[in-house]
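Residue numbers (this note's numbering): 13 to 254. For reference, the structure is listed below as structure tokens.
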């Protein structure tokens, strides 16, 4: 009987501790249905991929394409949720997580000349990404998403473009490259309000050197649209201050 009396308080403590842990998780739908439907109207197919951080947070990344084959190339192996501490920069966080190596130097980069597409409001890229939900273990930090694009059957020399859409009412956008060989270029636009057209912040295409980051702040801002031009097996991280 004495043993039972000791067991019940312990079980009670474990139960309440478990409840406390669950309550620290903050789940947020960060993209509205209107914005999701707007993107879906541009693409024939989409899939949801669950990604995780080392600290235990989870998010749902929605991936859009006009090719089912393109979608089948992507899994959670190609994306990682990265926690950014309150006093950390994006690069410091990526270094802490082993995504960026300290002292990593640029090697000779491929392709001195590239054929750049025209800047077009109506262009539909190969793949588009939009984070739609996030469950935070620590609600007091920010998050980014690291991408390592998969090998494909396309030519080694071929360039691909990707669209990264922010949640609505984002005020911050940042990109950092962590690919020694593969070159990365980007352009950034935003809408001040939902009824506005897209306005240039960074004209396409601005080069991002390995280990280099560019960040932008807009207020008011309804939404950012970042387009990235690179090749397969390229690696970079995008943050919209999630």
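We put the CB at the ideal spot given by N, CA and C, even for glycine.
Residues 112, 188, 223, 225 of the same chain have their beta carbon placed closer than 8 Å to that of residue 103, with the five preceding and five following residues left out of the count.
Annotation: the continuous alpha helix (DSSP H) that includes residue 83 extends over 80–84. Excluding residues up to 5 positions away in sequence, 229, 253 lie with their Cβ nearer than 6 Å to the Cβ of residue 184 in the same chain.
Around the beta carbon of residue 207, fewer than 16 other beta carbons lie within 10 angstroms, which makes this residue exposed.
Looking at 94, 106, 138, the one whose alpha-carbon comes closest to that of residue 57 is 138.
Straight across, the Cα-Cα distance linking residue 97 with residue 80 is about 37 Å.
Going by DSSP, residue 107 is part of the alpha helix (DSSP H) stretching over 102–108. For the set 221, 210, 244, the Cα lying nearest the Cα of residue 233 is the one of 210.
Look at residue 244 here: in three-state DSSP terms it is coil, with no helix or strand label. The segment 75–92 makes no contact with the segment 198–206, as fewer than three CB pairs between them are under 8 Å. The segment 143–152 makes contact with the segment 62–79: 3 or more CB pairs, one atom from each, lie closer than 8 Å. For residue 86, same chain residues with a beta-carbon under 7 Å away, outside a window of 5 residues either side, are 61, 75, 162 in chain order.
For residue 37, the secondary structure class from DSSP, reduced to helix, strand or coil, is coil.
DSSP places residue 68 outside any beta strand (DSSP E), giving it a letter other than H or E. For residue 51, the three-state secondary structure derived from DSSP is helix. If you ignore the 5 residues before and after residue 246, its C-beta comes within less than 7 Å of the C-beta of 161, 191, 194, 196, all in its own chain and listed in chain order.
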